[in-house]
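Q: Line order of the protein sequences matches chains A and B.
Residue numbers are given in my numbering: position 46 of the first sequence equals residue 46, and the series is strictly consecutive.
Residue numbers are given in my numbering: position 9 of the second sequence equals residue 9, and the series is strictly consecutive.
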Amino acid sequence: GENVEQHPSTLSVQEGDSAVIKCTYSDSASNYFPWYKQELGKRPQLIIDIRSNVGEKKDQRIAVTLNKTAKHFSLHITETQPEDSAVYFCAAISRPTDSWGKLQFGAGTQVVVTP
Amino acid sequence: EAGVTQFPSHSVIEKGQTVTLRCDPISGHDNLYWYRRVMGKEIKFLLHFVKESKQDESGMPNNRFLAERTGGTYSTLKVQPAELEDSGVYFCASSSFTDTEAFFGQGTRLTVV
């Protein structure tokens with residue numbers, strides 16, 4: 001089955017700097033890669049996703065890149081703000097013909113943005 | 001629209017006891033999933049319902065875990081008898097067939113002592 005590894009486990013950045021989280025996956029059949037953000041005490045929420053036919057996707061200060069050959073994808077947050085502090089999870093779907101919800105998650109990255 | 005709701009938010013039980021977690025998915029979502037995050041590790045898939053049917057229960061740890069989805073609406077996850085290693089946060093998520101996004105509940109933090 002699919003195996004997703006996520007690094008780093010913790011990331012501390014100064015407000016205004018950029019943050020990058022990297023994930024690798026094992027199943028070359030995976031074709032959907034969402035990123036979830038979980039703020040303290042709240043539910044995980046989808047912040048951005050990318051499909052395998054796209055190399056990069058941006059949404060305001062966040063962007064995701066995908067390298068299918070190397071089987072890795074990354075989350076980039078620019079101009080970080082205190083409200084970006086949260087745990088971020090990457091995920092992959094390994095059965096493209098199945099329902100989208102059976103996600104294989106990475107272990108999460110605790111991001112702390114210091115003013 | 002109302003989101004995915006889970007009850008209780010926290011539960012502390014003794015080893016050997018029984019606990020039942022409940023999930024109410026977003027109305028109209030036929031897909032319902034249970035996940036678990038243990039000790040700061042990854043969020044792991046437990047099982048998937050399509051309406052009232054179990055589509056995939058490959059992630060269920062053992063037969064102490066029983067999930068049901070009555071009438072294809074809310075779902076329950078029962079742990080009986082609970083063991084120490086069952087402690088963690090149990091998440092429920094739902095999705096529709098026409099959307100790729102899985103919407104998560106806030107989770108139930110289960111502590112077995």
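Here a beta-carbon is modelled for each residue, glycine too, at the ideal position from N, C-alpha and C.
For chain B, check one thing: does any of its Cβ atoms lie closer than 8 Å to the Cβ of Leu103 of chain A?
A: Output row for Leu103 of chain A: interface = yes.
Q: By the criterion of Cβ-Cβ separation under 8 Å, what are the contact partners of Lys42 of chain A in chain B?
A: Neighbours of Lys42 of chain A on chain B, chain order: Gln106.
Q: Mind checking which residues open and close the beta strand (DSSP E) that includes Leu47 of chain B?
A: Looking at the DSSP string, the run of the beta strand (DSSP E) that includes Leu47 of chain B is 43 to 50.
Q: Does the beta-carbon distance from Pro44 of chain A to Phe73 of chain A come in below 8 Å?
A: Cβ atoms of Pro44 of chain A and Phe73 of chain A: not closer than 8 Å.
Q: Pull up the CB-CB distance for Tyr25 of chain A and Lys71 of chain A, whole angstroms please, since I reckon it's below 8 Å.
A: With 8 Å as the limit, Tyr25 of chain A and Lys71 of chain A qualify as a contact, their Cβ atoms being about 5 Å apart.
Q: Apart from the five residues just before and just after Gln81 of chain A, which ones in its own chain have a Cβ nearer than 7 Å to its Cβ?
A: Within the same chain, Gln81 of chain A has close Cβ partners Glu15, Val113.
Q: Can you tell me the Cα-Cα spacing of Glu101 of chain B and Ala2 of chain B, whole angstroms?
A: Roughly 15 Å between the two C-alpha positions.
Q: Among the candidates B:His10, B:Leu77, B:Lys51, B:Pro81, whose CA atom is the shortest distance from the CA of Leu21 of chain B?
A: Checked all of B:His10, B:Leu77, B:Lys51, B:Pro81; the closest Cα to Leu21 of chain B is B:Leu77.
Q: Is there contact between the region 66 to 84 of chain B and the region 33 to 50 of chain B, where contact requires at least three CB pairs shorter than 8 Å?
A: With the cut-off at 8 Å, the region 66 to 84 of chain B and the region 33 to 50 of chain B touch.
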